[in-house]
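Asks: First the structure, which I've put down as structure tokens, then a few questions once you've had a look.
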Amino acid sequence: MLQKQARPGYKKFIKTSAKTLIVVEAILFAVSYAGWYRLNTNREFRYYVKENYPSVLEAYYQLGETLGGDKSILYLAVFGGLGYGLLELTKPSEDKINQLRYSSVDSDEKTKKALFMKKLQQASHEEPIYLKKRNE
């Protein structure tokens, strides 16, 4: 018969602590976001904070100046670097580029574009349908 073995107590403690930490972090994030939102949208609340907690409002403004200064340079640096990195990461090899370049020359007649261009050229030499007269 199979006997159950007790789980070590520290595993249960770690699991419970991790869950508690995640819940507390989510609650604190929600509270801080609500405060930030009220500071941005409610003039009376901002005045109340200025009168009762001036250090909190000063820290809020300093953080805003630090993070929200000239964002265009920051965005250009971050997203430009990211774009360049992705471009280099997805760049095809020279062999692949040459293969694509020279294979299109050989099979030019077989491509849909070449067939379309031939039909277009033929149609340009013929008389348009709307100018043709009925032969009865």
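The sequence shown begins at 1084 in my numbering and counts up by one.
Glycine included, every Cβ here is placed at the ideal spot set by N, Cα and C.
#1: Using a Cβ-Cβ cut-off of 6 Å (strictly less than) and excluding sequence neighbours within five positions of R1121, which residues of its own chain qualify?
#2: Kindly list the residues whose CB is nearer than 6 Å to the CB of A1101, restricted to its own chain and excluding five residues on each side of it in sequence; keep chain order.
#3: When you compare only the Cα positions, how much space is there between S1093 and Q1086?
#4: Expressed to the nearest angstrom, what Euclidean distance is found between the alpha-carbon atoms of E1134 and L1140?
#5: Hey, how far is the Cα of T1149 from the Cα of W1119?
Replies: Taking the coordinates as given:
#1: F1128
#2: The answer is none, since no qualifying residue turns up.
#3: A quick correction: the sequence has Tyr, not Ser, at residue 1093. Roughly 21 Å between the two C-alpha positions.
#4: 9 Å
#5: Computed Cα separation, rounded: 16 Å.
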